[in-house]
Amino acid sequence: MGAASFEETTGPGEIRRLMVRGRLTIANIKDVVAPLRAISPSGKALEIDLSGIERIDTSGAWLIHRLVSDWTAAGTPATVENASDDASRLIAEVAANDVPVAIRPPPANMALLRLNRIGGSVIHAANDIGSFLAFLGHTMIVLGQTIIGRRPLRWNALVHQCEAIGVNALGIVGVLLFLVGLVVAQQGAVQLRAFGAEVFVVNLIGRSTARELGVLLTAIMVAGRSSSAFAAQIGSMKLNEEIDAMSIIGMSAIEVLVIPRVLGMALMMLLLGFFGVTMAILGGGLFCWVSLSIPPVSFVQRLQEVTPMSDLVIGMVKAPVFGLIIAMMGCFQGTQVRGNAESVGTHTTKAVVQSIFLVIVLDAFFAVFFSALGYN
Amino acid sequence: MAGPSLSPRLPDDADVVIRVRGLRNQFGDQVVHDNLDLDVRRGEIIGVVGGSGTGKSVLMRSIIGLQMPAAGHIEVLGTDAMNLGPDAAKDLRRRWGVLFQEGALFSSLTVAENIEVPMREFLDLPDELMDELAGFKVAMVGLPHDAGPKFPSQLSGGMKKRASLARALSLDPQLLFLDEPTAGLDPISAAAFDELIKVLKQTLGFTVFLITHDLDTLHAICDRVAVLADGKVLAVGTIAELLNFDHPWVREYFMGPRGRAATETVGRAAEGATLHMEER
């Protein structure tokens with residue numbers, strides 16, 4: 007209904023006539039775009055008759071203008087006839103704005119593009135490591151200054167962070183570690199039953215959760231929850247120029263934003279790690295009681311006998327270190343946000359992935375370190 | 060107290076593109092609009108002014124369907140804008156363009172892609188044609204020729220406004236909503252932007268609903284000015300008519316130091332870019 011159409015007739019003399027009808031508007035030109043483009047100059051002059059059009063907008067005017075300018079460029083005269091005032095005004099307007107405009111970046115050589123991308127990512131990675139080390143150093147200095155009292159500690163922010171990182175994570179960390187304890191006990195029992203050594207399940211639970219699983223899984227959970235939150239918070243503040251506003255007022259963003267998060271995270275990881283270990287042992291203990299008929303009293307007694315105190319200490323030494331690395335990675339990725347909302351997303355993802363990666367690498371390092379010290 | 064010529068309601072047989080009747084908007088206990096009426100004639104540039112918090116943006120958001128009013132009736136381009144099915148709403152949205160205050164360009168798309176978004180969404184056109192259309196729209200709003208492949212974060216404030224205007228004009232709308240188009244621009248860019256809207260309106264023939272604080276913009280391009288206060292449109296008229304309107308805010312607005320400066324400048328200066336203090 008009303009869609010644009012055209013028909014070609016041969017006018018008097020050696021002239022081709024194009025009769026355009028209907029609505030020459032962006033919603034109605036779909037079907038005439040290709041046929042109009044297909045009309046190529048053939049040496050005869052072209053007359054475009056616009057008397058039959060009902061409406062025209064800039065897109066329609068552009069089509070007509072392109073036709074005329076293509077023909078003129080080919081050396082064949084083309085003219086527009088019977089155009090209404092509106093139509094001629096619009097055609098003049100689009101003609102005035104027909105200048106070469108870049109729409110996409112110019113296409114590049116594929117091989118060079120590939121090389122460029124590889125080189126770019128190497129430089130980017132090196133740059134990232136450098137910036138992270140700089141950030142780490144800066145944070146350490148500010149942390150040191152805070153500890154020796156040269157800088158104030160933002161207690162309100164610290165308490166708020168402790169709530170967000172620690173208290174609010176109690177539920178999820180508790181459930182997660184409880185279930186892990188349960189599963190470790192159950193799977194261990196299946197294997198140990200073959201040797202009639204089911205009672206060693208207690209050793210398995212005590213040693214694996216206190217030293218490794220409890221803290222590691224808590225750290226992974228917290229990295230997923232809080233590292234992403236830090237990156238997103240600081241990233242959007244950066245986009246909103248709040249970080250700039252802080253530095254103009256004379257507040258150090260590291261002091262105000264990073265230190266409370268880092269300290270809060272280290273402290274909360276210690277407490278959450280202990281809580282996680284406890285919940286895992288509870289889960290394992292419950293399984294032993296219900297499924298293996300080891301009563302809680304014997305479970306606790308045996309746990310005390312077989313799990314050296316050093317296991318728990320090692321776990322609790324690792325927890326705040328993991329917390330530091332998680333918080334710093336989250337804050338660092340937040341400060342790396344540039345430009346747009348997509349960047350916030352990219353850096354939030356990076357914060358989670360890299361902090362979990364670093365936590366696991368550090369854990370491996372700790373394992374080697376402590377066994378070298380003789381704690382087996 | 061408003062004379063008949065300053066009434067926000069036009070006669071029933073007038074050729075209007077927006078008709079608002081009895082509009083009521085409230086957030087909790089706070090009533091923003093109460094029994095608000097407004098008519099916008101076809102082909103005019105209507106400026107909407109009012110103090111901060113009088114609900115200028117809320118009025119615009121109600122008209123374009125982003126804010127559901129508590130009561131009232133809104134008719135846009137002859138269609139009841141408040142009770143539309145999804146298809147009718149889509150159809151109506153195709154016929155207007157909106158320039159948001161901060162531009163609201165999609166930050167992950169280039170300028171050219173931003174301009175092509177409405178075309179891709181609503182129409183099925185060859186890529187080549189869309190690129191050409193985006194190209195001349197870039198030129199038409201006065202962006203430099205290399206702006207097409209740039210991302211919004213690489214543009215200055217004035218260029219963002221222009222790119223956003225190009226996106227709003229992507230489908231050749233009959234109605235254009237502008238929310239403080241010159242806010243945050245330097246006086247020269249602001250004057251140039253006013254001029255651009257005026258010229259585009261003359262060539263493309265759309266109606267403009269313009270929210271502004273900028274007295275210079277009002278003087279330069281608005282056919283009529285609607286004053287929002289006390290939850291209503293108090294009066295609609297030319298600036299000359301409003302100068303005689305007896306309301307403390309209106310008098311303070313037009314007769315205050317900035318208002319007088321703008322009036323005098325318009326009296327003196329020839330058409331085109333004029334250099335004087337910007338509103339903010």
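Just so you know, the protein sequences line up as chains E and R, in that order.
So for the first sequence, the working numbering puts the first residue at 7; every next one is plus one.
So for the second sequence, the working numbering puts the first residue at 60; every next one is plus one.
Ideal Cβ positions, reconstructed from N, Cα and C, are used throughout, including at glycine.
R/Gln160 to E/Gly28 span [Cα, whole Å] | 37 angstroms
Identify, in the order they occur along the chain, each residue of the same chain with its Cβ nearer than 8 angstroms to the Cβ of R/Leu202, setting aside the five sequence neighbours on each side.
-> For R/Leu202, where only same-chain residues beyond five positions count, the Cβ hits under 8 angstroms are Val170, Met218, Arg221, Ala222, Ala225.
Going along chain E in order, which residues have a C-beta closer than 8 angstroms to the C-beta of R/Glu191?
-> Trp68, Arg72
In chain R, which residues lie less than 7 angstroms from E/Pro106 when you measure between Cβ atoms?
-> His204
List the DSSP bridge partners of R/Asp238.
-> Beta-bridge partners assigned by DSSP to R/Asp238: R/Ile270.
Could you name the residues of the segment 335 to 347 of chain E whose beta carbon sits closer than 9 angstroms to any beta carbon of chain R, in the order they occur along the chain?
-> Arg344, Gly345, Asn346, Ala347
Near-chain E residues of the segment 251 to 269 of chain R (beta-carbon distance less than 8 angstroms), N- to C-terminal order | Thr262, Leu263, Gly264
Below 9 angstroms between beta carbons is the criterion; list the residues of the segment 29 to 56 of chain E that meet it against any residue of chain R, in chain order.
-> Thr31, Ile32, Ala33, Ile35, Lys36, Val39, Ala40, Arg43
If you draw a straight line from the alpha carbon of R/Asp231 to that of R/Leu158, how long is it in whole angstroms?
-> Rounded to whole angstroms, R/Asp231 to R/Leu158 spans 14 angstroms at the Cα level.
Reducing DSSP to helix, strand and coil, say where E/Glu13 ends up.
-> In this structure, E/Glu13 counts as strand in the three-state DSSP scheme.
With a threshold of 16 other CB atoms inside 10 Å of the CB of R/Glu311, please say whether the residue is buried or exposed.
-> exposed
With C-beta atoms as the reference, is E/Gly289 less than 9 angstroms away from E/Leu183?
-> Going by C-beta atoms, E/Gly289 is nearer than 9 angstroms to E/Leu183.
Any beta-carbon of chain E closer than 9 angstroms to the one on R/Lys219?
-> Not one chain E Cβ lies under 9 angstroms of R/Lys219.
Check each candidate in R/Pro185, R/Ala251, R/Ala285 and name the one with the smallest Cα separation from E/Lys36.
-> R/Pro185
Cβ pair count under 8 angstroms reaching 3, the segment 233 to 243 of chain R against the segment 272 to 292 of chain R = yes
List the whole-angstrom C-beta distance separating E/Leu73 from E/Ile54, where the pair is believed to meet the contact cut-off of C-beta under 8 angstroms.
-> 7 angstroms
Sort out for me which residues DSSP pairs R/Gln89 with in a bridge.
-> In the DSSP output, where bridge partners are listed per residue, R/Gln89 has R/Phe86.
Where R/Pro185 meets chain E, residues with beta-carbon distance less than 8 angstroms = R/Pro185 reaches chain E at Val39, Ala40, counting residues in chain order whose Cβ is nearer than 8 angstroms.
Got a sec: is the Cβ-Cβ distance from E/Thr78 to anything in chain R below 9 angstroms?
-> At a cut-off of 9 angstroms between beta-carbon atoms, E/Thr78 makes no contact with chain R.
For R/Asn94, which three-state DSSP category applies?
-> strand
Can you list, in chain order, the residues of its chain whose CB lies under 7 angstroms from that of E/Met252, leaving out five sequence neighbours each side?
-> Ala259, Val262
Pull up the distance between the alpha-carbon of E/Gly212 and that of E/Ser234, whole angstroms please.
-> 31 angstroms
Exposed unless 16 or more other CB atoms sit within 10 angstroms - verdict on E/Ser90 | exposed
Mind pulling the chain E residues with CB within less than 9 angstroms of R/Asp139?
-> For R/Asp139, there are no neighbours in chain E by C-beta distance under 9 angstroms, as the nearest C-beta there is about 22 angstroms away.
Can you tell me the Cβ-Cβ gap for E/Ala131 and E/Gly66, rounded? I've got them flagged as a contact below 8 angstroms.
-> No, E/Ala131 and E/Gly66 are not in contact; Cβ-Cβ is about 51 angstroms, not under 8 angstroms.
Touch check for the segment 322 to 336 of chain E and the segment 262 to 280 of chain E: three-plus C-beta pairs under 8 angstroms?
-> yes
Run down chain E in chain order and give the residues with a C-beta less than 7 angstroms from the C-beta of R/Asp146.
-> Result: empty, since nearest Cβ-Cβ is about 14 angstroms, beyond 7 angstroms.
Are the C-beta atoms of R/Ser121 and some chain C residue less than 9 angstroms apart?
-> No chain C is part of this structure, whose protein chains are labelled E and R.
In DSSP terms, what R/Lys291 is bridged to = R/Ala288
With C-beta atoms as the reference, is R/Ala284 less than 9 angstroms away from R/Leu301?
-> A quick correction: the sequence has Val, not Ala, at residue 284 of chain R. Using a Cβ distance threshold of 9 angstroms, R/Val284 and R/Leu301 count as a contacting pair.
List the endpoints of the continuous beta strand (DSSP E) containing R/His132.
-> 130 to 135
Return the first residue and the last residue of the beta strand (DSSP E) that E/Glu53 is part of.
-> 51 to 62
Where does E/Met7 sit, in a helix, a strand or coil, going by DSSP?
-> With a pLDDT of only 47 at E/Met7, under 50, the local geometry of the prediction cannot be trusted, and the value read off the model is given with reservation. If DSSP states are grouped into helix, strand and coil, E/Met7 belongs with coil.
Short check: CB of E/Thr64 to CB of R/Leu192, under 9 angstroms?
-> yes
Residue burial classification, R/Gly315 (beta-carbon count within 10 angstroms, cutoff 16) = Classified as exposed, R/Gly315 has fewer than 16 neighbouring CB atoms from the shown chains inside 10 Å of its CB.
If you count every other CB in all the chains shown that lies within 10 Å of the CB of R/Asp72, and 16 or more means buried, which is it?
-> exposed
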